Amino acid sequence: MIALRSVLFNTIFYANLILRMLVFSPFYFLAPRKLAYRVPKNWALSNHWLMEKIVGTTFEIEGMENLPSGGYILAPKHQSFWDTYALLPWLDDPVYILKRELMWIPLFGWYAKKQRMIPINRGARGKVMVEALRRTKEELATGRQLIIYPEGTRRPPGAEPAYKYGIARMYRDLKLPVVPVAMHPGLFWPRRSTMRYPGHYKVRILPAIQPGMDPDAFFAHLIDVTERASDELLIDAAERNPELPLPPTAAHRLEELRKESAARA
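Position one of the sequence shown corresponds to residue 1 (my numbering), numbered consecutively onward.
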């Protein structure tokens, strides 16, 4: 039954994406940029509804009060395609730094260009990266929120952290608060898999790290607070969803956490 629900969800998910892009294109491209953002935000909400009704997956968000007003950097854990869009409805005017190749995709690339997303060549250095930083500063100066994944790519739940130092350079250069976000959507929407699993989990928005710290100290602090919250939410998700098939990385991390807890008792 889970496999059947997964196929049904995946089919409707992509049909929903394509149809919405086509149907709402006249409004999207003619409306002012920020008003047009309602289209992807409503698409994200519709996906949450589809996940609940078809798969049986729900989530809750903790810590909304930790989102500052104006510009800041949102730094979520990255495990799934889900977390690329999930928080859009609750953010005022987010901007992404993304692979330039994504801008070449028909419709999607045009939608991204409308929202002034910032394309980069990941293999480039020097002037290209300087220009990307200039564009980022320009967008954030208007009060937008930058979404950047500190680990760079999707990681399986419970895996050893692999944070990239680039987030510390952004923190230093942009001089804005960084808001860590811990969550485990990869337990329910695994990377590199078509399976979708029912259950309930938490998304935890942590207190903002204010600008002004030494970049190395900031980097260590970001990893510490995010991973501690991730461990807590991994335990919570496993207890709430005892039938959930855990990936090896999550099962191994849970075993480590249980041993650490027993040693402290």
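By construction, the Cβ of each residue, glycine as well, lies at the ideal position given by its N, Cα and C atoms. Values in this document were obtained by computation on a predicted structure and should not be read as measured data.
Neighbour-count burial assignment, residue i, 16 or more Cβ in a 10 Å radius
i, result
"Val95", "buried"
"Ala238", "buried"
"Gly158", "buried"
"Trp49", "exposed"
"Ser193", "exposed"
"Ile105", "exposed"
"Tyr165", "exposed"
"Glu65", "exposed"
"Val130", "exposed"
"Glu151", "buried"
"Gly26", "The residue you asked about is not Gly; residue 26 is Pro in the sequence shown. The residue in question, Pro26, is exposed, as its Cβ has fewer than 16 Cβ neighbours within 10 Å."
"Gln210", "exposed"
"Leu4", "exposed"
"Leu87", "buried"
"Thr57", "buried"
"Ala75", "buried"
"Thr136", "buried"
"Met170", "buried"
Close-in-space but distant-in-sequence residues of the same chain around residue i (CB under 6 Å, 5 per side omitted)
i, result
"Tyr111", "none"
"Pro215", "Ala168 and Arg172"
Residues near residue i in its chain [Cβ-Cβ closer than 7 Å; skip 5 each side]
i, result
"Leu225", "As written in the sequence, residue 225 is Val, which differs from the Leu given in the question. Hits under 7 Å: Pro180 and Leu206."
"Ile223", "Pro161 and Tyr163"
"Glu101", "none"
"Ala132", "Ile97, Ile118 and Ile120"
Opposing strand residues paired with residue i [DSSP bridges]
i, result
"Met183", "Val203"
"Glu145", "Glu is not the amino acid found at residue 145; the sequence shown has Gln there. DSSP output for Gln145 lists Tyr72 and Pro94 as bridge partner(s)."
"Ile268", "Outside the shown range of the chain, which is 1 to 265, sits residue 268, and nothing can be said about it."
"Val178", "Ile73 and Ile209"
"Glu62", "Arg204"
"Thr11", "According to DSSP, which records beta bridges pairwise, Thr11 is partnered with nothing at all."
"Thr57", "Gly199"
Own chain residues within Cβ distance below 8 Å of residue i, not counting five before or after
i, result
"Asp236", "Tyr201 and Lys202"
"Val7", "Thr194"
"Ile12", "Leu50 and Ile54"
"Ala229", "Pro180, Ala182, Arg204 and Leu206"
Contact test: residue i Cβ vs the ligand PLP heavy atom, cutoff 6 Å
i, result
"His78", "Ligands in the displayed structure: none, and consequently the ligand PLP is not present."
Of the residues the options, the one placed nearest residue i, counting alpha carbons only
i, options, result
"Glu60", "Arg33, Gly199, Tyr171 and Asp214", "Gly199"
"Phe24", "Trp43, Pro247 and Leu8", "Trp43"
"Leu140", "Ile54, Lys113 and Pro177", "Pro177"
"Leu91", "Arg38, Val55 and Leu133", "Arg38"
"Phe9", "Ala217, Arg264 and Arg196", "Arg196"
"Glu232", "Leu35, Thr142 and Glu260", "Glu260"
"Arg155", "Ile2, Thr249 and Ala262", "Thr249"
"Leu67", "Ala217, Ala265 and Asp93", "Asp93"
For this session: May I ask you to verify whether the stretch 43-60 touches the stretch 16-24, counting CB pairs closer than 8 Å and requiring at least 3?
Result: yes
For this session: Evaluate the contact criterion for the stretch 139-148 versus the stretch 65-76: three or more CB pairs, one atom per stretch, below 8 Å.
Result: yes
Exercise. With a cut-off of 8 Å, do at least 3 Cβ pairs link the stretch 182-189 to the stretch 77-92?
Worked result: yes
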